[in-house]
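Encoded structure:
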């Protein structure tokens, strides 16, 4: 009996405990930033943070989580590395007296012993290839992440150089120019700083530099990159609300960076003023300037106008107001959507018409080769000119009309006057092209098979064999005329690595740009009927020339006779007068 009561009490205890836990989970306290709820009861700070009270678990919603400075421990980083505390984490960075070398070493996560002679010189020789490595590092997302990593390291090392070297010294280089200001004891003797890197400037309040400073002194750095804009160019601008109004976007300034070392909290209470020198001076109709910053996310990075707006502009410079510090640039956009859309519609129709005539050529050649018993090139008499013209120019017109009626906004993009890739609109061109290439490729294989059978069944008549071999040569040349070489474009995807991608791209461009030459050679130079017509034409021109020359000779002889008769009649008249 006692055992039964013990089991009953134990069961009631478990039920009550479970109910208590469930009730506690239902009333989980509101945890502060950088913390998470544990078992619905307590809050605990995330890795890299600690509570203000020092307790691991807490329930007070006013409790906060602050960053742990891992750099207080001298063993955090390895030899030849400098510890840099981040919000919620830390970073071990290489150090060099040359801040550019320092940044590139950090970018490649390599810290050689800088005490050895020649180390910095060898690294300096490799700097020109760094931007190329970023450019060819992969697709846009990979390039964006690599550029973001490089920019962060450049900002960090520029600030470290500010504390080590003299105040206000500009460091010119082929790739980057920087200007730095150090504020000893966080004493703002100057209210406003104006930093100049090359021809670009940044104006910032001193209070923004010393705000939230944890050291005895503060610093601000301003960097201007000479060629980085060629890599992270206007194609990285992806704001939909602007893209719908603009046809093309270009980089019209050098990429610049401003930093005070607060990578996680770069917002400003008093905005910074950035002045960019234009790469392309002057004003063009339909031109619009966009002040943008490099917005980084876990998936990649892109240019964004968030927090920045245009202050003033002239032919040579533009000033922007930004409410945070980051990497900035000036983009130049052009509007003219109507003209670009008209061009895109025209290109859509012309390309479809060209491919439709490629299909008609493949069908005509197939019918011609199938009727080789007649052994002439007009055997495909089923083809009527009216039908061919109606099909060749009418079908593309129907496709374009339906596409334009379904989605008028599909014509014209930001970068090209072509079909947009959004909403699957590009398939109004790609779909018919793929179908035509597949049909023509099937026609091509059937033609080769028929010619092979025909050659094996021929007798030794030389002229017949020669005619068939000529037709075989033309059929081989038809591979390019029928548009089969356009299938190379299906291989131009991001999954194809370099240099294979470039080889395919150049091959595709060269072969298809010579398609007109192939048509001229096959249908003019090597076409017997055209050759005979040219011969007749030249013979006719020769006969006309001979006829004209004979007419001229006869006319001259007639004129001479008339003159002689006139002279004789004149002499006779004078003789009568004398008598």
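Residue numbers (mature numbering (1 follows the signal peptide of the UniProt record, and there is no 0)): -23 to -1, 1 to 556. Think of the CB as a built atom: it goes at the ideal place given N, C-alpha and C, for glycine as much as any other residue. Keep in mind the model is a prediction, meaning the values are calculated, not measured.
Point to revise | residue 468 versus residue 412: straight-line alpha-carbon distance, rounded | key: 17 Å
Point to revise | Candidates 196, 483, 420, 321: closest to residue 381 by CA position | key: 321
Practice item. Give me whichever residues DSSP pairs with residue 209 in a beta bridge. Key: The partner list for residue 209 (beta bridge, DSSP) is empty, contrary to what the question assumes.
Practice item. Along the beta strand (DSSP E) that carries residue 266, what are the first and last residues, could you check? Key: 264 to 273
Check your understanding: Can you tell me whether DSSP reads residue 175 as helix, strand or coil?
Key -> coil
Review point. Within this structure, are the beta carbons of residue 308 and residue 269 separated by less than 9 Å?
Key: yes
**Study point:** Paired residues, beta bridge with residue 64 - DSSP
**Key:** Answer by DSSP bridge pairing: none, since residue 64 is not bridged.
Exercise for review: Go ahead and pull the three-state DSSP assignment for residue 83.
Suggested key: Here residue 83 scores only 47 on pLDDT, less than 50, and its place in the model is too uncertain to base an answer on.
**Study point:** chain B contact for residue 253 (CB, 9 Å cutoff)
**Key:** In the structure shown, chain B does not exist; there is a single protein chain.
Point to revise | residue 417 versus 163, 494, 62, 461, residue with shortest Cα-Cα distance | key: 461
Exercise for review: Give me the Cα-Cα distance between residue 272 and residue 10, rounded to the nearest whole angstrom.
Suggested key: 22 Å
Point to revise | Beta bridge counterpart(s) of residue 280 as assigned by DSSP | key: 214, 271
Point to revise | Cut-off 8 Å between Cβ atoms - residues of its own chain near residue 42, not counting five sequence neighbours on either side | key: 9, 10, 11, 12, 22, 23, 26, 27, 28, 29
**Study point:** Cβ pair count under 8 Å reaching 3, the segment 121 to 137 against the segment 172 to 190
**Key:** no
Exercise for review: Using three-state DSSP, classify residue 427 as helix, strand or coil.
Suggested key: helix
Review point. Just how far apart, CA to CA, sit residue 173 and residue 159?
Key: 15 Å
Check your understanding: With a CB to CB cut of under 6 Å and the five nearest residues on each side skipped, what residues in its chain are close to residue 427?
Key -> Hits under 6 Å: 346.
**Study point:** DSSP-derived helix/strand/coil call for residue 367
**Key:** helix
Check your understanding: Contact check, residue 458 vs residue 488 under 8 Å by CB: the rounded distance?
Key -> About 11 Å separates the Cβ atoms of residue 458 and residue 488, ruling out a contact at the 8 Å cut-off.
Review point. When you compare only the Cα positions, how much space is there between residue 119 and residue 182?
Key: In this model, residue 119 and residue 182 are separated by some 35 Å (Cα to Cα).
Practice item. Return the residue from the list 509, 385, 475, 138 that minimises the CA-CA distance to residue 570. Key: Residue 570 falls outside the range modelled here, since the chain spans only -23 to 556, and no answer is possible.
Review point. Looking at C-alpha atoms only, which residue of 504, 54, 340, 396 is the closest neighbour of residue 424?
Key: Taking only the C-alpha atoms, the option nearest residue 424 is 340.
Check your understanding: Among 304, 199, 35, 168, which has the Cα closest to the Cα of residue 128?
Key -> 304
Practice item. Classify residue 410 as buried or exposed, calling it buried when 16 or more other Cβ atoms lie within 10 Å of its own Cβ. Key: buried
Practice item. Taking 9 Å as the cut-off, decide whether the C-beta atoms of residue 466 and residue 485 are in contact. Key: yes
Review point. In angstroms, rounded to a whole number, what distance separates the CA positions of residue 429 and residue 338?
Key: 20 Å
Check your understanding: What does a CB cutoff of less than 8 Å around residue 167 pick up in its chain, not counting 5 residues either side in sequence?
Key -> 183
Check your understanding: Cβ-heavy atom distance between residue 365 and the ligand FMN below 8 Å?
Key -> Although the ligand FMN was asked about, the structure shown includes no ligands whatsoever.
Practice item. Using a threshold of 9 Å, state whether the C-beta atoms of residue 285 and residue 299 are closer than that. Key: yes
Exercise for review: In angstroms with no decimal places, state the Cα-to-Cα distance between residue 306 and residue 375.
Suggested key: 44 Å
Review point. What is the DSSP secondary structure of residue 44, counted as helix, strand or coil?
Key: strand
Review point. Helix, strand or coil: which one does DSSP assign to residue 519?
Key: helix
Point to revise | As assigned by DSSP and simplified to three states, the class of residue 157 | key: strand
Review point. Is the beta carbon of residue 163 less than 9 Å from the beta carbon of residue 195?
Key: For residue 163 and residue 195, yes; Cβs fall inside 9 Å.
**Study point:** Three-state secondary structure assigned by DSSP to residue 317
**Key:** Helix at residue 317.
Point to revise | Bridge partner(s) assigned by DSSP for residue 331 | key: In the DSSP output, where bridge partners are listed per residue, residue 331 has none listed.
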